[in-house]
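Protein chains in written order, with the working numbering: chain A, 1 to 298; chain B, 1001 to 1492.
To start, the structure itself, in structure tokens.
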């Protein structure tokens, strides 16, 4: 079997390679080219080919001279920091809790995983209803018994909305990250904990000195996933606030660039996407390198 | 092991075959139509299909129709234009016309070979022409739409103890803003149970009834207002300020910084008027006060506002002829008795710019516009273009075609005369205003794309409608000025 795969390696890989090339790599390269042109989606301004519409760095310059992109970038970064922390802390705590219990492990795992399989956009609208009506009218509103201003009208202020985005996204992805953490926890041998206990290490000490270092491979993957997905988040941005109250994030801004310009500035949106890609790629790679270096082998 | 190996080979085979068909699918495509019509008005998706079947029966020419809503419709149209089988006729609205004009996709009236169709292109009144401002015409209007203050005539009769509403409607159309304001206050009193108040409209006295009737007992506010829908005020309401400054679409699109600055006084005054109007908002369960809930889409969304109005909880709704279907589905009898009245604005002659429209005209007219136009694709083959010309001529002149426009599409034709009688009474109102020279431009599409929604609309929604107190004069001035600045900055 091994020799079969070895011999037929390229043959087996070919379909995915061709697909990947066609739907990712080629459009990506094309996109970089188009970001230097005045592209309208259906045509190029001033000719039939992209080289007829070249405008040099114009699109990039206007991105950095407009407030909206920088503002959205700042807001997205804040969200990403908050979301990564909350998502990781919550999913790790849930994983540790499930690890400890003996009965109903599967049931809890399924329940926490469930939100992940539901459509993010649709659930965003459900949560919008919860924030606007259940939170603001029934539970935490000014006339409610538990008046908590932080949870009242969360979608009508950029700062409270940040928390609202984090709550919904955590609810959605925590179950998925939990599975990864749980798997990592199960891979840590009980022997090590036993040895530590014999040496008199406290639970807390064990967590910091054994669990965290040995869980590093899981951190690498979960941090990478949560960081990238938080930067790219759009569905909740659309469904919860529609970018109102200054809550527009980068992905939605790129979409709006096309929809809110006439004739549509696809070239500009493409340039925004390229910059966005560079930022997300740099941060993600730096994170992977940093956490990878902390991984230890037993 | 053997079966696994076999299975994997089969799977790879399937993948390769499907990829092969995908690749060839992009390249070769045989044409199975004579005209490809790309439609972006979803409400006529079915009837336009029937129309094309009728056309094929009559002439043997096959028309392929594809319908896709406006927002996604444009994105799909862009890719269709790059495919081998590009649309022969496509539909766009005024604001996206610039895109297809710049890309040289739009056939102008000068390119039209058929003299009869050319005459139709040229017969379109200037304010409805799709063009570059030079008088050349690029599209045939789908229909005419418009918006104003919509009311139920039976309810008017009940509130003011009238036999019929005709005199009231006539007087209301001529009434000025102070009379309107006093009427709103009297209606508010009536709703609170204090009838018997005298008001004057156009100098004639009307008295509110002392008793509520079956029709009016549900009233809990004067207006149904969709606070969650920015377009209702950012575009449709702000449009009255545009009328006070700009004579037409082209001059709005080419506004100078000074002209934009002239919008300040009318806009500030309109926002203050909104401060007054929004105190009398009806809701599903009683009046809706301004505040966080006022912009909650589950409370004051478009559907909710129309529903509130349809259930007789509000006296008026400032909306367009398109609400007829929704009202009809709630209360068919109410829908048959609707009428559209002009909105009143609190402006004085001194607020109007040199080129603007007079206050009397604004207060007695409704904004009307063409929602979509049929354009012939200049990049289609000559053969297809000729067929498209015949089709558009047939649609706009033949008995079958015009019958479809009026009765199946339920569209007000752009060239409607008083002989046209529609099922939708609001459409008949629109025709009345057209016939009586009481139409305002709907030029908000000419301001920078989404300017209304992102600046003045966001300001009204986020800062004002959430504020239950009387709005602060300074913050209104600042908000309006910052909106105008963003327009001025976008002038190249």
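For each residue, glycine too, the CB sits at the ideal point set by N, CA and C.
Query	Result
With DSSP run on the structure shown, which of helix, strand or coil describes residue 188 (chain A)?	coil
Of all Cβ atoms in chain B, is any one closer than 8 Å to the Cβ of residue 62 (chain A)?	no
Closer than 7 Å, Cβ to Cβ, to anything on chain B: give me those residues from the region 146-157 of chain A, in chain order.	153 and 156
Of all the residues that make up the region 1065-1080 of chain B, which are near chain A by a beta-carbon distance shorter than 9 Å?	1071, 1074, 1075, 1077, 1078, 1079 and 1080
Any C-beta of chain A sitting closer than 8 Å to the C-beta of residue 1300 (chain B)?	no
Consider the Cβ of residue 109 (chain A): report whether some Cβ of chain B lies at a distance smaller than 8 Å.	no
Can you pull the DSSP bridge partners for residue 1089 (chain B)?	B:1037 and B:1376
Between the region 1102-1110 of chain B and the region 1363-1382 of chain B, are three or more C-beta pairs nearer than 8 Å?	yes
Any contact of the region 247-257 of chain A with the region 267-277 of chain A, i.e. 3+ C-beta pairs under 8 Å?	yes
For chain B, is any of its Cβ atoms less than 8 Å away from the one on residue 133 (chain A)?	yes
Closer than 8 Å, CB to CB, is residue 43 (chain A) near chain B or not?	yes
From which residue to which residue does the beta strand (DSSP E) around residue 1205 (chain B) run?	1204-1207
Is residue 88 (chain A) close to chain B? Criterion is C-beta to C-beta, closer than 8 Å.	no
Go through the region 1158-1242 of chain B residue by residue and report every complete run of the alpha helix (DSSP H) that reaches 4 residues or more, in order.	1166-1174, 1177-1191 and 1230-1234
From the DSSP output, in three-state form, read off residue 1319 (chain B) for me.	strand
Within the present structure, is the beta-carbon of residue 1076 (chain B) separated from the nearest heavy atom of the ligand PLP by less than 7 Å?	Absence of the ligand PLP from the depicted structure is noted, as is the absence of any ligand whatsoever, leaving it without description.
Using a Cβ-Cβ cut-off of less than 9 Å, list which residues of the region 1100-1115 of chain B approach chain A; keep chain order.	1100, 1101, 1102, 1103, 1104 and 1105
With a threshold of 8 Å, are at least 3 pairs of Cβ atoms found where one atom belongs to the region 272-282 of chain A and the other to the region 1460-1474 of chain B?	no
By how many angstroms is the C-alpha of residue 1132 (chain B) removed from the C-alpha of residue 1271 (chain B)?	32 Å
So, is the C-beta of residue 1436 (chain B) closer than 8 Å to a C-beta in chain A?	no
Helix, strand or coil for residue 1369 (chain B) per DSSP?	strand
Between which two residues does the beta strand (DSSP E) carrying residue 989 (chain B) extend?	Because chain B is modelled from 1001 through 1492, residue 989 (chain B) falls outside the range shown and cannot be assessed.
Looking at the unbroken alpha helix (DSSP H) that takes in residue 1324 (chain B), where does it start and where does it end?	1324-1330
Taking only beta-carbon positions, decide if residue 244 (chain A) is within less than 8 Å of chain B.	yes
Starting from the N-terminal side, write out each stretch of the alpha helix (DSSP H) that is 4 residues or longer and does not extend beyond the region 1344-1430 of chain B.	1359-1364, 1382-1397 and 1399-1403
Ignore the nearest five residues each way along the sequence and tell me which others in residue 63 (chain A)'s own chain have a CB closer than 8 Å to its CB.	69, 268, 271, 272 and 275
If residue 1146 (chain B) sits next to residue 1345 (chain B), beta carbons under 8 Å apart, how far is it from one beta carbon to the other, in whole angstroms?	Not really, about 16 Å apart at Cβ, beyond 8 Å.
Provide the residue span of the alpha helix (DSSP H) that contains residue 1274 (chain B), from first to last.	1264-1277
Relative to the C-alpha of residue 1265 (chain B), which candidate in B:1476, B:1053, B:1032 and B:1326 has its C-alpha closest?	B:1476
If we ignore side chains and look at the alpha-carbon of each, how far apart do residue 1409 (chain B) and residue 15 (chain A) end up?	48 Å
With a cut-off of 8 Å, does the C-beta of residue 1098 (chain B) fall near any C-beta of chain A?	yes
Should residue 1449 (chain B) be flagged as near chain A, meaning a C-beta pair shorter than 8 Å?	yes
Does DSSP put residue 215 (chain A) in a helix, a strand or coil?	coil
Pull up the distance between the alpha-carbon of residue 57 (chain A) and that of residue 1080 (chain B), whole angstroms please.	29 Å
Identify, in the order they occur along the chain, each residue of the same chain with its Cβ nearer than 8 Å to the Cβ of residue 1116 (chain B), setting aside the five sequence neighbours on each side.	1393 and 1397
So, helix, strand or coil for residue 140 (chain A), using DSSP?	coil
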